[in-house]
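So the structure is just underneath, and the comments pick up after that.
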Amino acid sequence: MLWGIVVVLVAFWLLGFSLHIAGGLIHLLLVLAIAVAVYNFAMNRDARQ
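This is how it looks when you write it as structure tokens:
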């Protein structure tokens, strides 16, 4: 589920970046997507140990 959110946020970022829509908001979405991906990766590593 989290990876789906990451994909959607990155897609919105690419769309906004290419069409110059909501400049600051798009970069905030990218940072949020990266934070969710890192959190998901960290939680999966902890669960395996």
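For the sequence shown, position 34 (counting from the first letter as 1) is numbered 34 according to UniProt numbering, and the numbering increases by one without interruption. The beta carbon of each residue, even a glycine, is placed where N, CA and C say it ideally should be.
Secondary structure of residue i, DSSP reduced to three states
{"i": "methionine 1", "result": "coil"}
{"i": "histidine 27", "result": "helix"}
Residue i burial status per 10 Å Cβ neighbour count (16 or more: buried)
{"i": "alanine 11", "result": "exposed"}
{"i": "alanine 35", "result": "exposed"}
{"i": "alanine 42", "result": "exposed"}
{"i": "tryptophan 13", "result": "buried"}
Spatial distance of residue i from residue j (CA atoms)
{"i": "alanine 37", "j": "glycine 16", "result": "20 Å"}
{"i": "methionine 1", "j": "valine 8", "result": "11 Å"}
{"i": "serine 18", "j": "tyrosine 39", "result": "27 Å"}
{"i": "leucine 28", "j": "glycine 4", "result": "17 Å"}
CB contact check: residue i to chain C, cutoff 8 Å
{"i": "leucine 32", "result": "Looking for chain C here will not work: only one protein chain is present."}
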